[in-house]
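Protein chains in written order, with the UniProt record's numbering: chain A, 1 to 253; chain B, 1 to 48.
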């Protein structure tokens with residue numbers, strides 16, 4: 001009952017349809033609201049790309065200009081971070097950006113569900129990237145990869161102190177990337193829920209209060225716009241850090 | 001936290017990864033090559 005009025009209630013993962021199949025010890029396959037919204041996100045991403053495909057015409061439309069500028073900025077990100085010789089990572093970064101962006105923007109629709117507010121999804125992505133980057137580094141540099149944990153030019157006496165610090169900071173990446181995304185989205189959506197819980201009753205408390213409520217409401221609209229901006233910023237930050245981690249694995253500092 | 005219900009851990013991660021793999025496949029197979037073709041066509045037109 002407490003959960004019903006909590007600002008965290010909007011993040012609850014609930015089962016919409018579930019099937020109990022007699023495989024692997026009566027496994028439960030369920031379509032949750034998170035699952036539904038991931039499918040909606042994919043649909044929106046692909047629909048946006050279809051809309052912006054512009055029938056393969058050379059002259060761009062408004063939709064394709066927005067998409068081409070997005071592609072150009074992500075392409076320059078990958079090129080500047082990882083290097084022109086490693087554009088093979090562009091599809092991954094591109095997909096990651098559009099998935100997180102549309103998942104975040106989709107969550108700004110009232111009564112919707114934000115996929116990235118799920119800690120498991122955000123941490124799953126960041127741990128996957130961390131493991132992938134570590135495997136990439138090991139496969140490229142073999143045993144030499146561990147020199148990453150010894151900063152170049154450090155005095156020999158400081159090495160026993162620096163190596164644990166470097167290892168901890170390297171391991172912290174796995175968590176920090178996901179927590180940054182998840183915490184930003186959860187805090188933003190909780191704030192909107194709490195503020196709207198205060199403002200909505202003001203419109204029904206008499207004419208004078210309703211007129212005065214326009215002032216906090218206009219601030220609230222500003223915070224909604226901020227939340228939309230955060231959706232873009234977090235998607236971009238996630239991608240820029242992923243590119244930076246891949247760069248570290250390829251070039252080792 | 002409601003989203004930490006252990007029962008859905010695998011479900012959530014499976015959905016997220018399935019979606020990401022689908023997107024990477026579609027983008028790298030159909031969308032991104034089209035960008036390259038489009039940009040190279042523009043370069044050819046402007047240089048010729």
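Note that CB positions come from ideal geometry on N, CA and C, so glycine has one too. Predicted, not measured: the structure shown is a model, and the values here were computed from it.
Item	Value
Sub-8 Å separation of residue 115/A and residue 226/A beta-carbons	no
Any C-beta of chain B under 8 Å from that of residue 120/A	yes
Proximal chain B residues relative to residue 95/A, where beta-carbon distance stays under 7 Å	20, 23, 24, 27
Coil, strand or helix - residue 23/B by DSSP	helix
Close-in-space but distant-in-sequence residues of the same chain around residue 138/A (CB under 6 Å, 5 per side omitted)	145
Any chain B beta carbon closer than 8 Å to residue 1/A	Because the pLDDT of residue 1/A is 44, which lies under 50, any placement of that residue in the model is unreliable, and the question is left without a value.
Backbone CA spacing between residue 84/A and residue 49/A [nearest angstrom]	25 Å
Through-space distance from residue 252/A to residue 71/A, alpha-carbon basis	27 Å
Spatial distance of residue 94/B from residue 133/A (CA atoms)	Because chain B here runs from 1 to 48, residue 94/B falls outside it and cannot be looked at.
Residue-level contact to chain B via CB, residue 125/A, 8 Å cutoff	yes
Proximal chain B residues relative to residue 197/A, where beta-carbon distance stays under 8 Å	The contacting residues do not exist; residue 197/A stays about 17 Å from chain B at best.
Strand pairing of residue 31/A, partner residues [DSSP]	17/A
Any chain A beta carbon closer than 8 Å to residue 43/B	no
Counted within 10 angstroms of its Cβ, other Cβ atoms place residue 91/A as buried (16 or more) or exposed	buried
Span separating the alpha-carbon of residue 8/A from that of residue 8/B	17 Å
Cut-off 7 Å between Cβ atoms - residues of its own chain near residue 188/A, not counting five sequence neighbours on either side	227, 230
Spatial neighbours of residue 107/A in its chain, beta-carbon cut-off 6 Å, leaving aside the 5 residues before and after	114
Neighbourhood of residue 1/A by C-beta, 8 Å cutoff - its chain only, sequence neighbours within 5 removed	Note on residue 1/A: pLDDT 44, under 50, position unreliable in the model; the coordinate value appears next. Same-chain partners within the cutoff: there are none.
Integer-rounded CB distance, given that residue 82/A should sit under 8 Å from residue 89/A	6 Å
Interface flag, residue 32/B vs chain A, CB-CB below 8 Å	yes
For residue 86/A and residue 250/A, believed in contact at Cβ under 8 Å, the rounded distance	6 Å
Residue 245/A - containing alpha helix (DSSP H), residue span	214–251
8 Å Cβ cutoff met for residue 129/A and residue 245/A	yes
Proximity of residue 136/A and residue 241/A at Cβ, strictly below 8 Å	no
Element boundaries [alpha helix (DSSP H), containing residue 68/A]	62–81
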